[in-house]
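Before any comments, here is the structure.
2 protein chains.
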Amino acid sequence: MTVEQPSSAGLRERKKQRTRDALLRAALELFTTQGYERTTVDEIADAVDVSQRTFFRYFASKEEVAFAVQQMVEGHFVDALRQRPGHEAPLEAMRNAVLSAWDTIGEAIREVVPVELYLRTFQVIESTPALLAVHLRRSIEMEENIARLIAEREGLDVDADPRPRVAVAAFSGVMRMTGQLWGRGEDASLEAIRALTEAYLDHLGPALATDWRGGEAPARAPRRTPGAHAE
Amino acid sequence: MTVEQPSSAGLRERKKQRTRDALLRAALELFTTQGYERTTVDEIADAVDVSQRTFFRYFASKEEVAFAVQQMVEGHFVDALRQRPGHEAPLEAMRNAVLSAWDTIGEAIREVVPVELYLRTFQVIESTPALLAVHLRRSIEMEENIARLIAEREGLDVDADPRPRVAVAAFSGVMRMTGQLWGRGEDASLEAIRALTEAYLDHLGPALATDWRGGEAPARAPRRTPGAHAE
DNA sequence: AGGCTAATGTCAGCCGCTGACAATTGACAA
DNA sequence: TTGTCAATTGTCAGCGGCTGACATTAGCCT
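Going down the list, the sequences are from chains A and B.
Numbering follows UniProt numbering, with no gaps: position 126 of the first sequence is 126.
Numbering follows UniProt numbering, with no gaps: position 207 of the second sequence is 207.
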């Protein structure tokens with residue numbers, strides 16, 4: 001008899017999981033080496049030795065596979081936000097949620113693909129027009145969810161009070177910007193994006209002041225690797 | 001002999017212009033009646049009685065034709081911003097630019113397509129995932145341009161001082177939000193979106209205050225047609 | 001072992017899009 | 001006017017993403 005302990009379920013289930021993982025990895029590997037556009041679905045399928053049709057049974061589109069990991073990461077942020085203590089102000093809570101999420105997200109990614117592969121994929125997303133477009137749409141879908149979450153925390157009605165949506169919109173705008181800058185920079189590490197995030201979020205308040213000429217110059221933003229990453 | 005006065009240039013040029021206009025209108029008409037996805041490029045070409053290949057010689061993609069008018073509108077905003085007096089603070093200048101642009105944009109649109117057709121197209125864009133994605137990407141491309149413009153106004157270096165990009169990001173976030181809400185609402189008029197814009201921009205400052213519970217409740221946001229549109 | 005069902009492969013076909021080449025049609029000069 | 005040149009268009013073939021339909025394979029369960 002077989003003493004195999006089904007690590008999660010039946011053989012069928014495990015096989016499916018392995019196929020999905022293999023497709024995901026092969027896709028990201030090809031995307032990051034040849035580029036997204038220059039990679040055909042047939043290539044991905046061939047690399048895993050399944051038919052093209054099978055690829056589309058696991059991922060609804062070529063785009064979807066590119067965002068599989070990203071989707072997980074976003075889930076982490078939402079979870080982190082949900083766990084912020086109620087006394088924190090909206091922007092404070094969002095800020096803390098991102099920063100704390102960046103600290104624990106490495107583990108979660110590693111279970112699916114090498115972290116370094118994910119980082120490279122993110123850069124591909126940011127630099128491929130078609131993917132960037134989808135990325136942005138996904139982002140605003142998340143914005144809506146977060147706005148509702150914030151409204152709930154504050155005991156407000158998202159549709160009656162504009163402040164939750166406005167705050168989240170402003171916050172997400174900054175987040176996107178850091179993502180972009182990070183993608184363009186050279187330091188493709190989790191620490192780098194975390195530091196970048198922290199530094200730019202600190203400017204959200206000051207940037208909205210009416211008069212920029214009166215005050216003293218703000219701290220210079222970190223261009224790329226900010227030596228020791230902010231503690 | 002023919003006394004035809006070439007309204008703009010040679011016959012060839014006029015013919016090209018007419019074909020382009022016809023394709024544009026036919027496309028938007030079909031998009032707004034059947035939906036974007038359910039409209040094929042062949043249908044558009046057939047409606048104008050040209051080959052599919054010809055369509056692609058005028059528009060690089062099916063998406064591009066959907067954004068033709070939008071592109072013009074964006075140009076207007078940038079022009080308006082360029083003309084704002086230098087003493088206005090960044091957010092003030094952007095705010096005034098949008099509002100003044102909305103006032104003159106009607107004319108410009110009318111020269112190409114019926115305004116009402118443009119408005120319906122905007123709603124199609126906002127409600128079609130594929131188009132929404134592209135719309136967002138185009139938006140952030142414009143953000144980058146505006147950030148540089150603002151930085152120039154203020155005599156700053158976009159890459160050294162984070163405030164221009166941050167302010168523009170926050171501003172654009174709010175703008176996108178109003179566009180979305182407008183698309184969902186029922187009043188598909190230029191006045192409606194102008195009023196919506198004005199109302200929400202007024203909340204940009206207050207929304208970023210740290211404590212939302214201390215202060216008194218803010219004015220209720222206009223859900224849709226806000227009666228008389230703000231002067 | 002054998003039946004059941006889920007997963008996969010195969011095939012045909014639509015749609016967006018492109019390159020190549022031929023046919024058409026303005027533009028312009030002789 | 002006519003003929004030449006160049007721009008515009010049509011036609012055709014083909015690639016890549018994606019889907020429905022149907023046959024085939026392979027895990028599951030009695």
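Every residue, glycine too, gets a C-beta built ideally from N, C-alpha and C.
Going by Cα to Cα distance, which pick from the options is closest to residue i?
i, options, result
"residue 272 of chain A", "A:196, A:53 and A:169", "The structure shown has nothing for residue 272 of chain A, since chain A only spans 1 to 231."
"residue 129 of chain A", "B:143, B:136 and B:80", "B:136"
"residue 76 of chain B", "B:117, B:31, B:96 and B:152", "B:96"
"residue 113 of chain B", "B:12, B:204, B:24 and B:14", "B:24"
"residue 127 of chain A", "A:99, A:90, A:141 and A:180", "A:180"
"residue 175 of chain A", "A:102, A:37 and A:30", "A:102"
"residue 111 of chain A", "A:203, A:22, A:54 and A:202", "A:22"
"residue 79 of chain A", "A:31, A:100 and A:43", "A:100"
"residue 123 of chain B", "B:31, B:64 and B:140", "B:31"
"residue 63 of chain A", "A:201, A:138, A:17 and A:192", "A:138"
"residue 162 of chain B", "A:201, A:86 and A:67", "A:201"
"residue 48 of chain A", "A:17, A:12, A:177 and A:10", "A:17"
"residue 67 of chain A", "A:166, A:27 and A:184", "A:27"
Which residues in chain B sit within 8 angstroms of residue i, going by Cβ to Cβ distance?
i, result
"residue 278 of chain A", "No information on residue 278 of chain A is available, as it lies outside the stretch 1 to 231 that chain A covers here."
"residue 200 of chain A", "162 and 166"
Which chain A residues sit within Cβ distance under 8 angstroms of residue i?
i, result
"residue 203 of chain B", "162, 163 and 166"
"residue 177 of chain B", "165, 166 and 169"
Leaving out the 5 sequence neighbours to the left and right, which residues in its chain are closer than 8 angstroms to residue i when beta-carbon positions are compared?
i, result
"residue 56 of chain B", "41"
"residue 164 of chain A", "90, 147, 148, 150, 151, 154, 156 and 158"
"residue 109 of chain A", "69, 72, 73, 115 and 118"
"residue 20 of chain B", "58"
"residue 204 of chain B", "91, 170, 171 and 174"
"residue 140 of chain B", "172"
"residue 35 of chain A", "124 and 128"
"residue 12 of chain B", "none"
Tell me which same chain residues have a C-beta within less than 7 angstroms of the C-beta of residue i, skipping the five on either side of it?
i, result
"residue 94 of chain A", "81 and 171"
"residue 84 of chain A", "93, 96 and 97"
"residue 51 of chain B", "45"
"residue 88 of chain B", "96"
"residue 43 of chain B", "30"
Take the Cβ of residue i as the centre, count every other Cβ of all protein chains shown within 10 Å, and call the residue buried at 16 or more, exposed below.
i, result
"residue 160 of chain A", "exposed"
"residue 38 of chain B", "exposed"
"residue 60 of chain B", "exposed"
"residue 194 of chain A", "buried"
"residue 106 of chain A", "exposed"
"residue 33 of chain A", "exposed"
"residue 54 of chain B", "exposed"
"residue 178 of chain A", "buried"
Identify the contact partners of residue i in chain A, using a Cβ-Cβ distance below 7 angstroms as the criterion.
i, result
"residue 278 of chain B", "Not covered by the structure: residue 278 of chain B. The range shown for chain B is 1 to 231."
"residue 44 of chain B", "Under the 7 angstroms cutoff, chain A gives no residues; its nearest Cβ is about 22 angstroms from residue 44 of chain B."
By Cβ distance, which residues of its chain are closer than 6 angstroms to residue i, with the 5 residues on each side in sequence left out?
i, result
"residue 143 of chain A", "168 and 172"
"residue 125 of chain B", "131 and 135"
"residue 219 of chain A", "The pLDDT assigned to residue 219 of chain A is 46, lower than 50, so where the model puts this residue is not dependable; a value taken from the coordinates is nonetheless given after this. So the list is empty, once near-sequence residues are dropped."
"residue 166 of chain A", "none"
"residue 29 of chain B", "none"
"residue 133 of chain B", "none"
Taking Cβ-Cβ distances shorter than 9 angstroms, what residues in chain B pair up with residue i?
i, result
"residue 193 of chain A", "In chain order: nothing, as chain B lies at least about 15 angstroms away."
"residue 125 of chain A", "Here the premise fails: no neighbours, minimum Cβ distance about 12 angstroms."
Strictly below 7 angstroms CB to CB, what residues from chain B border residue i?
i, result
"residue 146 of chain A", "Chain B residues near residue 146 of chain A: none, gap ~12 angstroms exceeds 7 angstroms."
"residue 105 of chain A", "Residues of chain B passing the Cβ test: none, with the nearest at roughly 23 angstroms."
Can you list the residues of chain A that residue i reaches, using a CB-CB cut of under 9 angstroms?
i, result
"residue 109 of chain B", "Correct list: empty, because the minimum Cβ distance to chain A is about 24 angstroms."
Quick one: any contact between the stretch 113 to 130 of chain B and the stretch 183 to 190 of chain B, if contact means 3 or more CB pairs under 8 angstroms?
Touching, yes.
So, do the stretch 168 to 177 of chain A and the stretch 167 to 174 of chain B have three or more beta carbon pairs nearer to each other than 8 angstroms?
Yes, since at least three Cβ pairs between the stretch 168 to 177 of chain A and the stretch 167 to 174 of chain B fall closer than 8 angstroms, the two stretches touch.
Using 8 angstroms as the threshold, is the stretch 138 to 157 of chain A in touch with the stretch 146 to 164 of chain B, meaning 3 or more CB pairs across them?
Short answer: they don't touch.
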